[in-house]
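Numbering (numbering that gives the first Met the number 0), first residue to last: 0 to 280.
All C-beta atoms, glycine included, are put in the ideal place defined by N, C-alpha and C.
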Amino acid sequence: MYFYLLLSLIMPKSLRHIKILSYLFFAFVYSYGGQAQSISGKPDRLAQEVKSWISTSKFKDAPKIGDQFTSLWGSKLLSQQQTAEIQEIVILMPKNGFRTPNLAYFFIRNVVQIPNDSPLFSDFIIVWKRLLVQKDAKTAMVLAEQLDSWFYTKQLIQTGNLAISIQGNLRILWPTIKTKLADTLQVTTQSDGWDTESTLSDAPMADFYDEQTSWFSPSKASDGPRFTWEKPEVRFKIGKDSLRFESKEFSWLLKDKFGNGCRCGFGWEHLGNSKFQANIK
0 MYFYLLLSLI MPKSLRHIKI LSYLFFAFVY SYGGQAQSIS GKPDRLAQEV
50 KSWISTSKFK DAPKIGDQFT SLWGSKLLSQ QQTAEIQEIV ILMPKNGFRT
100 PNLAYFFIRN VVQIPNDSPL FSDFIIVWKR LLVQKDAKTA MVLAEQLDSW
150 FYTKQLIQTG NLAISIQGNL RILWPTIKTK LADTLQVTTQ SDGWDTESTL
200 SDAPMADFYD EQTSWFSPSK ASDGPRFTWE KPEVRFKIGK DSLRFESKEF
250 SWLLKDKFGN GCRCGFGWEH LGNSKFQANI K
């Protein structure tokens, strides 16, 4: 920085545009590089380096979260494998595009608040490492914010004017997406009626729901993580209107903002053919 200030003093006025461009370029590189804390990778310094990194975020409680992480890191609560995985993640985050202090803050916040002996903690670490490999910081932020919101309020965020609250045991999964969906607009050869005779009793019975058809599902489900609850209680609320139901399973696709419930019912009656889905645009 001081080099460019000195350069601006001795440079002729005729080259002022070069001076300005050089200064702006240096300022951009400096600000961009300053977004991520330098992580040395040394276990005895990692907690303090992480605290310094997240303390530059916009969240006022970041130093407190940093202290909680320091306590967790210095305790014997984390297993040797968990310690190694967290250290690996923190070192890779700046290198793989997870540079912003806000993203680091949410990652550390979830690490300290989720019980490390729970399946949810393992799910979070596994999925985060996979997002790191794909350098998908955008989905990582959605995951971290949604997880933090549900952990405290049991409610999903970014669902427009529809509030979705879910009680149950949460898992974070990344299932394999089937890329080929059945064609629901298949053209079939129809009889012209001259050679065959069909009575009303021979006609196929119509049904409200066909489990084999794919038009109840998103035409293109994105490959990515999803929240899944087993036997949850789900509440939908819009204004003063609300609906509560229980289901065998409910999943929320983070990239698509798409909810998928299986064997859902409310009150003493069940919905349709034991299926329910909600799509939030």
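Check whether residue i and residue j have beta carbons under 7 Å apart
| i | j | result |
| --- | --- | --- |
| I171 | V126 | yes |
| V293 | F68 | As shown, the chain starts at 0 and ends at 280. That puts residue 293 outside it, with no answer to give. |
| A61 | S54 | yes |
| A143 | G96 | no |
| A103 | W52 | yes |
| P231 | I165 | yes |
| T138 | L130 | yes |
Local Cβ density within 10 Å of residue i, reported as buried at 16 or more and exposed below that
| i | result |
| --- | --- |
| G260 | buried |
| Q211 | Its pLDDT being 44, under 50, Q211 is placed unreliably by the model, and the measurement read from it follows with that caveat. Counting Cβ neighbours within 10 Å, Q211 comes out exposed, since fewer than 16 surround it. |
| G159 | exposed |
| G258 | buried |
| L242 | exposed |
| T99 | buried |
| D194 | Residue confidence is low: D194 scores 49 on pLDDT, short of 50, so the model does not pin down where it sits. Its coordinate-derived value is still stated next. Its Cβ having fewer than 16 others within 10 Å, D194 is exposed. |
| I237 | exposed |
| D116 | exposed |
| L199 | Residue placement at L199 cannot be trusted, given a pLDDT of 42 that sits under 50; what the coordinates show is reported in the next sentence. It is exposed - the Cβ of L199 has fewer than 16 other Cβ atoms within 10 Å. |
| D66 | exposed |
| D122 | buried |
| A202 | Any reading at A202 must be qualified, since the residue scores a pLDDT of 42, below 50, and its modelled position is unreliable; no value is offered. |
| K280 | In this prediction, K280 has a pLDDT of 45, which is less than 50 and means its spatial position is unreliable; what the coordinates show is noted afterwards. Exposed, since its Cβ has fewer than 16 Cβ neighbours within 10 Å. |
Which residues DSSP lists as bridging residue i, in chain order
| i | result |
| --- | --- |
| I237 | D240 |
| N95 | For N95, which the question treats as bridged, DSSP gives no partner whatsoever. |
| N168 | E229 |
| Q154 | S164 |
Closest residue to residue i among the options (Cα-Cα distance)
| i | options | result |
| --- | --- | --- |
| A162 | N168, M92 and Q154 | Q154 |
| E248 | Q157, N160 and E229 | E229 |
| I156 | S37, I107 and W251 | W251 |
| S367 | R108, R243 and F120 | Summary: the structure shown does not reach residue 367, with the chain confined to residues 0 through 280, and so no result is reported for it. |
| I233 | S37, D255, G223 and R262 | Per the sequence presented here, residue 233 reads as Val, with Ile not at that position. It is R262 whose Cα lies nearest to the Cα of V233. |
| K254 | F235, E245, P42 and F226 | F226 |
| S56 | F105, I85 and G40 | F105 |
| E245 | A220, G167, P174 and W173 | G167 |
| L77 | D240, S221 and I113 | I113 |
| V110 | K94, P42, W72 and M92 | W72 |
| R44 | T175, Q86, F235 and D116 | Q86 |
| G40 | F58, M92 and L169 | M92 |
| F150 | K134, L169, A220 and V141 | L169 |
| Q80 | F58, F120, K63 and S70 | F120 |
| I38 | K134, F58 and K94 | K94 |
| S221 | F235, W173, K239 and K134 | W173 |
| V141 | N101, I64 and F235 | N101 |
| P42 | P118, S74, K256 and I124 | S74 |
Residue-level contact to chain C via CB, residue i, 7 Å cutoff
| i | result |
| --- | --- |
| I64 | Going by chain labels, chain C is absent from the structure shown, which holds only one protein chain. |
Distance cut-off 6 Å: residue i Cβ against heavy atoms of the ligand HEM
| i | result |
| --- | --- |
| L252 | Ligands displayed in this structure: none; no statement on the ligand HEM is therefore possible. |
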